[in-house]
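Each remark here refers to the structure printed beneath this line.
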Amino acid sequence: MIDNWLFNSKFKEKFEEFVGRRLIGKVTANQLTLIGLIIGLFSAFFIFFSGILQEIIFIVISIIFMVISFFIDTLDGAVARSGKT
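Residue numbers (this note's numbering): 14 to 98.
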């Protein structure tokens, strides 16, 4: 969903250039998916502990992990669409 919005925005060329230079041939879409899944699980872990320990820092950390997971999901979609992995 986020990557679809990004591909229809004015950032499309810069995003494709970044993905092409930095990621194509170095990591596969499946590797990025696995990394995003692991980071998403860390986010769920911190959300769980924020409820038990009543600490706001766990919520902040979980939000940071969630945003990173969303960004990696966007990258994995772009790498998969490139078809060069």
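No residue lacks a Cβ here, since even glycine has one placed at the ideal position from N, Cα and C.
All figures in this text were calculated on a predicted structure; none of them were measured in a lab.
Taking the alpha helix (DSSP H) that L45 falls in, what are its first and last residues?
-> For L45, the enclosing alpha helix (DSSP H) begins and ends at 42-66.
Rounded separation between D89 and I52 - CA only = The alpha-carbon atoms of D89 and I52 are separated by roughly 14 Å.
Cut-off 6 Å between Cβ atoms - residues of its own chain near F62, not counting five sequence neighbours on either side = Apart from the 5 residues on each side of it in sequence, F62 sits with its Cβ closer than 6 Å to the Cβ of F71 in its chain, given in chain order.
Closest Cα partner of G96 within the set F28, E26, T41, L54 | In terms of CA proximity to G96, T41 leads the group F28, E26, T41, L54.
Exposed or buried, what is G64 when buried is set at 16 or more other beta-carbons lying within 10 Å of its beta-carbon?
-> For G64, the number of other beta carbons within 10 angstroms of its own is below 16, and it is reported as exposed.
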